[in-house]
Every structure is written in structure tokens, then in C-alpha cells.
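Novice: My structure is below; once you've seen it, I'll send some questions.
In my numbering, the protein residues as written are 6 to 342.
What follows is the structure in C-alpha cells.
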């Protein structure tokens, strides 16, 4: 069983819930005309996008940027609601139990949807309790360290970890999060032993790296502004190819762990049995929002590549992702509490 260190006392800086924009459905009705409105009365009230992690992390950034443009396009409110806890499981369970009417959408991430459901844990939901809407973004995770810390490169981390097994620490947004599994995969492939420290969310984990409470972190793109601002150092990117945003930063594979790869994704799902017409509407409007030049620029600048898909494509992708992480969990012998 993998050891997990106690959670450092890191202050939370963000509000739990934030309303992006509220609009009237009357404008939409007028634009569509009486016949069209009578045929399709969705949406007639604000749509909630549930983020299963605290504000400030990658899923939250993506939801707010896409949600704001979507609200402007459809003339209806889009509310971002952070329901964090248990590595996203609390928020995912809430959405799985919500009415399948299109008014509750979840930012689908690996941790609660494809990792937890393939881990053998006892959950109150399965992957089948969600209907795929669209892929949202693909991203390049960063292996970050403190700029004033003793480790500047992947080689530095590996050398120190081999010299002092179990002494170095890495963080994640909770036990079973993809960041956690990325760290365990790094341990396994590099032949080292480092200690996992879980946090409520990525923002808190990054703060701990800045304060040198932990040694390294496989972060989502929310670390990018801190890297560019000099508060964090990117020791590597974890994809097989270098990031266009950080062309001088090597991949983990290049830096000393051949074959290492960890990428991440965010999508959008709704409760199972949501009407196909509603799913099609959401698919179309989310893709339209992501196609906006200002949205694309913001997401790309944050290390996210807008990648809309069909519902079937996302469903197949999630199934493959579930199988991949189930294998990593078995190989690393990770036990979930």
C-alpha cells in the first residue's frame, strides 16, 4: 500500500460558487420565432456547469472561459458551481443523481469519471451513469518545482530520490487523481520512491510547491501563469512532444525517463438518459464557444488545446482512459481509502 503524507495546512483562496452571467430566455425565444421556440423550449433557465474541484485549477479555468462565452451566445445564464471533495467523486455523484434535463453539466475529468470508476472502489455511480456531450480541451501537464529549490531538472529529482528513498514529496489534487497516478507512474518508471501528498485542489498544491512544502508536482495548465511569472519552474512537460508554449522545456522522456507519457483532458458530460436533442444542443453550443478566437486564445495561453468532439468520440475515449488507468493502478498497487 502506498504511503500518503498528511495534508499541509494551506489556505483556500477562492469562493465555492460563482455566477458567470445571467441572461433572459426571452431574447432567445424572439430570435428563434414562436414555432421554433414551441418545438424546443430548452434552455428556459440557467444551466449549471459543475466543476468537481476547487476554483483556480484547470477544470475550473476551462469551465469559466467556455461558460462565459456560451452564456453570451445563448442569452441564458451559465452558472459555474464548484463541488469539490474526494478527488472529484462528490461532484460527480451529485451530477449522476441530478435530473437528466440538460440543466446540470459536469466538467468531466479523469479522476472521478475514468480513474475512480476503474479502480475497484465502491462508488454510488459508474461511468454508465453519464452521457458524453463533447471533449473540451486536451492539455500538456507540467512537472513543476520551486525556482529557488534544490531541484531544477528531472535528473536532479531522480538523483536525490535515489540517494534518499522516500524523502522527496510530490503533490496532487487528491488520492486517485490523475496527477497522483502520474507521480506514481514516474516513481515506477524512474525506479525511485517518493512520498505522495494530497491536496483539495491543484491551486493549493501549487502554493505548497512555491512555499517549498513539497518538492514537485505534475500540474495541469493552471501552473502556466506561475511559471511565466517566475513563481514556479517547469522542469519538464509530461507529454511525448514538447509544448509550443514552452519550447525550451524538455519532456520527461527526454529528461531521463524514456517512454514516460502523461497527458490530460477535460470534457463535458450530463446525467445518463438526458434527451439526445439536449445533448446535441449542448454539443453544438460548447463547440461554438470554444471556436471563438478570444476563447481559443485564452485557453491556448493557459496550456489547453480546444478539442471538441462528437458525443460518441468522447464516450469511446473515456472507456479507453478508464482501461489505461485501471492498469496503472494495478501495477502500482495503489489502494484507495
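C-beta atoms are modelled at their ideal positions from N, C-alpha and C, and glycine is treated no differently.
1) Within the continuous beta strand (DSSP E) that includes residue 143, where are the two ends?
2) Pairs of beta-carbons, one from the region 245-256 and one from the region 91-101, closer than 8 Å: are there three or more?
3) Rounded C-beta distance between residue 107 and residue 47? I'm assuming under 8 Å.
4) Looking at the strands, I want to know which residues DSSP matches up with residue 276.
5) Per the DSSP calculation, residue 269 is bridged to which residue(s)?
6) Quickly, what does DSSP pair residue 224 with across the bridge? List them, please.
7) Roughly how many angstroms separate the alpha carbons of residue 329 and residue 310, rounded to a whole number?
8) So, helix, strand or coil for residue 344, using DSSP?
9) What are the partner residues of residue 113, as DSSP defines its beta bridges?
10) Residues in the same chain with beta-carbon distance under 6 Å from residue 217, minus the five sequence neighbours each way, listed in chain order, please.
11) Would you kindly check if the distance between the Cβ of residue 95 and the Cβ of residue 53 is under 8 Å?
12) Quick one: is residue 235 buried, meaning 16 or more other Cβ sit within 10 Å of its Cβ, or exposed?
13) Less than 8 Å between the C-beta atoms of residue 112 and residue 68, yes or no?
14) May I ask you to report which of helix, strand or coil DSSP gives residue 175?
15) Determine the burial state of residue 260: buried for a count of at least 16 other Cβ atoms within 10 Å of its Cβ, exposed for fewer.
Specialist: Taking the geometry as given:
1) 135-144
2) no
3) 6 Å
4) 135
5) 144
6) 147
7) 22 Å
8) The first residue shown for the chain is 6 and the last is 342, placing residue 344 beyond what the model contains.
9) 272
10) 151 and 154
11) no
12) exposed
13) yes
14) strand
15) buried
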